[in-house]
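Engineer: Everything in the sequence shown is counted per UniProt numbering, starting at 1 for the first residue and increasing by one. Backbone N, C-alpha and C define an ideal beta-carbon position, used for all residues, glycine too.
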Amino acid sequence: MDAVLDDCMEVGPAYLHEQPRRHPLLCQFDAGVQEFEAAFRRRCRGRTPVGELLSLGAVRQCYWLLLAEGATTQATEIANWWYNNAAVHGLGQHI
Numbered sequence: 001m002d003a004v005l006d007d008c009m010e011v012g013p014a015y016l017h018e019q020p021r022r023h024p025l026l027c028q029f030d031a032g033v034q035e036f037e038a039a040f041r042r043r044c045r046g047r048t049p050v051g052e053l054l055s056l057g058a059v060r061q062c063y064w065l066l067l068a069e070g071a072t073t074q075a076t077e078i079a080n081w082w083y084n085n086a087a088v089h090g091l092g093q094h095i
């Protein structure tokens, strides 16, 4: 009976079930966005924008690497972030 139950239904809380893996470059993108936001806050306190530019370079690199792999859906996620944050980073709406 236990074998039948194991094959037919999932048991336990949803957070225990394996989640689909996020593309490693999207994880790098997330880190780049976090670094950009931290650098932007530092610049608002009078620091130089070097950290912002470096983190935006990392975001841009993830975008182009995803396109090179043919992962256009994931690259679109980054392009949308870039477009929506153009007023903040000031580098234009198109990556």
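Let's see if you can read the secondary structure: which residues bound the alpha helix (DSSP H) around PRO24?
Structural biologist: Looking at the DSSP string, the run of the alpha helix (DSSP H) that includes PRO24 is 24-44.
Engineer: For residue 100, which residues of its own chain have a beta-carbon under 6 Å away from its beta-carbon, when the five flanking residues on both sides are left out?
Structural biologist: Absent from the structure is residue 100, since the part of the chain shown begins at 1 and ends at 95.
Engineer: Taking a contact to mean a Cβ-Cβ separation below 8 Å, would you say LEU65 touches LEU25 in this structure?
Structural biologist: A contact, by the Cβ cut-off of 8 Å.
Engineer: Using CA atoms only, rank isn't needed, just tell me which of ASP30, GLY70, GLU52, ALA71 is closest to VAL88.
Structural biologist: The residue with the shortest Cα to Cα distance from VAL88 is GLU52.
Engineer: Using three-state DSSP, classify residue 152 as helix, strand or coil.
Structural biologist: In the structure as shown, the chain begins at 1 and stops at 95. Residue 152 is therefore absent and cannot be evaluated.
Engineer: In angstroms, rounded to a whole number, what distance separates the CA positions of ARG43 and VAL50?
Structural biologist: Between ARG43 and VAL50, the C-alpha separation is close to 9 Å.
Engineer: For PHE29, collect the residues of the same chain with a Cβ closer than 7 Å to its Cβ; drop the 5 residues on either side in sequence, then sort them by chain order.
Structural biologist: So the qualifying residues of the chain are VAL59, CYS62, ILE78.
Engineer: Are the beta-carbon atoms belonging to ALA39 and SER55 less than 8 Å from one another?
Structural biologist: Going by C-beta atoms, ALA39 is nearer than 8 Å to SER55.
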